[in-house]
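To start, the structure itself, in structure tokens.
Protein chains in written order, with my numbering: chain A, 9 to 250; chain B, 12 to 328.
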């Protein structure tokens, strides 16, 4: 594998007496479509919280683009190229869709140098690419579930990430809507963005990923191509029991 | 500058000129004595709104900053006999530093926990002043006013114009924050702090800046109190009603726009003055309470929200 974009070495995270992550090792190559699966409570969201900086890992290191980012606050990691969506959408609900995108545009992309009208044009372009341009001036608290999911992806894209972490972006969507979001993620990957997908919808994650890792009780129990993961005995035991 | 920017500054110039003309023409001193208090609340409410309204961190310690401003002025009068302008600047500097320090200690707390921590600041500082003999301790201190400056004919009128100027500065700062990237960052923090941090907003830095600016303006508003009353004591300078009013006024006026705290302070401040004169000063707090309940129930977005609603309806028809 080429020099990994994201290198996680021996990362552990505890909440009091509960060990959420237990010595996780992981490497994601540039441009890769990477799937992360595991039963509820296996530590998937904790792991991406550690990667994005919402939580700090107690031991081990997280390197991104060759730099150790373990000690950096989340906003610094975003500025270095890690963006994420949330399991339960977290829109800036007092703002319009456009304004939601202006936040990363102003704080990451242009750091207050660009004129407002240029920022607007750029936000419109991103919204156009995921067919959400007609909702630009809609307050974000009036969006439907699929529109919220798409807006979260658009907001992550506005930070021009090198790595996008999609945390259950398809939960609660219909079949057609899942296809729509998948198409967006494929398109982003084509443009060179590395994507980590966390998903419970197996059909989607298996179709999308080039490589899949399965977590259980904070440990990696299996790693490989989607086909091999599905038939792996450890994975089946983790999901279905003995 | 945008067309709105020009309109704002023309409006500010008109307000300041009107205050100066009123000071020259109106003879009854009482109007200025009362208006000073109302305008002082415009500054306090505007300052509170920078952290409480834009970023959603409800500060219950406004009276701590206000009292510190008043006592910095007392200290400078007693110690160096500095003029009013320098007292205000020094108070703002100390208030800003205090805001930064308090922010460092408390801004990692969220919601109600932050609010409770800020109440404690008032109690700590008031206790410190009560035990400090140099500034009069618990009994307070009498201040001798220096001769009034030209062209003003009385000290109260001069303080009134000074407070109007302070209010314009405070509103201009709040307006600038609101319309710039800082304001958008603070709103993102209010809506969802974790999402804000993950979209590149340096949340702690922005909150600290907001807390420092807010604190500086509150202390600046408290600085002229020493000259206004000619007497300062801890129980009144650190009075909790300043905290309650500074919070109630933006909520009544609307926290999302700089005009909200201004309208709220003018409305509530004026009603309080009228009630004090016509009924009794004890009823003040009741007025705040009743108005707060009415607005929270009937117009949660405040006066500004109410206006926008009516405007949208008229446009819709």
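Glycine included, every Cβ here is placed at the ideal spot set by N, Cα and C.
Since the structure is predicted, the reported quantities are computational estimates derived from the model, not experimental observations.
Neighbour-count burial assignment, residue i, 16 or more Cβ in a 10 Å radius
| i | result |
| --- | --- |
| residue 253(B) | buried |
| residue 148(A) | buried |
| residue 61(A) | buried |
| residue 161(B) | exposed |
| residue 24(A) | exposed |
| residue 38(B) | exposed |
| residue 20(B) | exposed |
| residue 48(A) | exposed |
| residue 74(B) | buried |
| residue 93(A) | buried |
| residue 165(B) | exposed |
| residue 107(A) | buried |
| residue 202(A) | buried |
| residue 13(B) | exposed |
| residue 150(A) | exposed |
| residue 274(B) | buried |
| residue 241(B) | exposed |
is_contact[residue i, chain B] using C-beta, thresh 8 Å
| i | result |
| --- | --- |
| residue 157(A) | no |
| residue 167(A) | yes |
| residue 170(A) | no |
| residue 128(A) | no |
| residue 102(A) | yes |
| residue 98(A) | yes |
| residue 163(A) | yes |
Chain A contact for residue i (CB, 8 Å cutoff)
| i | result |
| --- | --- |
| residue 196(B) | yes |
| residue 192(B) | yes |
| residue 189(B) | no |
| residue 7(B) | In the structure as shown, chain B starts at 12 and stops at 328, and residue 7(B) therefore has no counterpart that could be examined. |
| residue 202(B) | yes |
| residue 199(B) | yes |
| residue 14(B) | no |
| residue 206(B) | yes |
Residues of its chain near residue i, where Cβ-Cβ distance is below 7 Å and the 5 sequence neighbours each way are ignored
| i | result |
| --- | --- |
| residue 48(B) | 280 and 284 |
| residue 103(A) | 148 |
| residue 82(A) | 60, 61 and 62 |
| residue 170(B) | 47, 235, 238 and 239 |
| residue 286(B) | 294, 295 and 298 |
Same chain, Cβ closer than 6 Å to residue i, neighbours up to 5 away in sequence not counted
| i | result |
| --- | --- |
| residue 91(A) | 164, 167, 169 and 172 |
| residue 65(A) | 19, 21 and 58 |
| residue 154(A) | 181 and 185 |
| residue 312(B) | 265 |
| residue 196(B) | 212 and 217 |
| residue 43(A) | 205, 213, 217 and 220 |
Close beta carbons around residue i, own chain, < 8 Å, minus the five adjacent residues each side
| i | result |
| --- | --- |
| residue 253(A) | Only positions 9 to 250 of chain A appear in this structure, which leaves residue 253(A) out of reach. |
| residue 85(B) | 146, 147, 152, 154, 237 and 243 |
| residue 176(A) | 95, 206, 207 and 208 |
| residue 296(B) | 252 and 255 |
| residue 256(A) | An answer regarding residue 256(A) cannot be provided, because it is not within the stretch 9 to 250 covered by chain A. |
| residue 242(A) | 222, 224, 229 and 230 |
| residue 52(B) | 256, 257, 260, 276, 279 and 280 |
Closer than 7 Å: residue i CB and nearest the ligand MG heavy atom
| i | result |
| --- | --- |
| residue 294(B) | Absence of the ligand MG from the depicted structure is noted, as is the absence of any ligand whatsoever, leaving it without description. |
Positions along the segment 83-96 of chain A whose CB lies within less than 7 Å of some CB in chain B: Within the segment 83-96 of chain A, the qualifying residues are 83, 86, 87, 92 and 94.
Residues of the segment 209-232 of chain B with Cβ closer than 8 Å to any Cβ of chain A, in chain order: 209, 210, 211, 212, 213, 214 and 215
Chain B contacts made by the segment 104-120 of chain A, where a contact means CB separation under 8 Å: Cβ contacts with chain B come from 107, 110, 111, 112, 114, 115, 116 and 120.
The segment 110-117 of chain B contacting the segment 175-190 of chain B, beta-carbon criterion three pairs below 8 Å: no
The segment 104-114 of chain B contacting the segment 219-239 of chain B, beta-carbon criterion three pairs below 8 Å: yes
Contact the segment 34-44 of chain A vs the segment 238-246 of chain A: 3+ CB pairs below 8 Å: no
Contact between the segment 215-225 of chain B and the segment 64-79 of chain B (3+ Cβ pairs under 8 Å): yes
Contact between the segment 261-269 of chain B and the segment 27-38 of chain B (3+ Cβ pairs under 8 Å): no
Near-chain B residues of the segment 50-67 of chain A (beta-carbon distance less than 7 Å), N- to C-terminal order: 60 and 62
Interfacial residues, the segment 11-28 of chain A to chain B, with Cβ spacing under 9 Å: none
Three-pair Cβ contact test at 8 Å for the segment 197-210 of chain B versus the segment 134-143 of chain B: no
Given 8 Å, three or more beta-carbon pairs between the segment 65-82 of chain A and the segment 143-161 of chain A: no
Cβ contact check for the segment 90-97 of chain B and the segment 192-204 of chain B: 3 or more pairs under 8 Å: no
At least 3 beta-carbon pairs within less than 8 Å: the segment 54-61 of chain B vs the segment 287-294 of chain B: Fewer than three pairs of CB atoms, one per stretch, sit closer than 8 Å, so the segment 54-61 of chain B makes no contact with the segment 287-294 of chain B.
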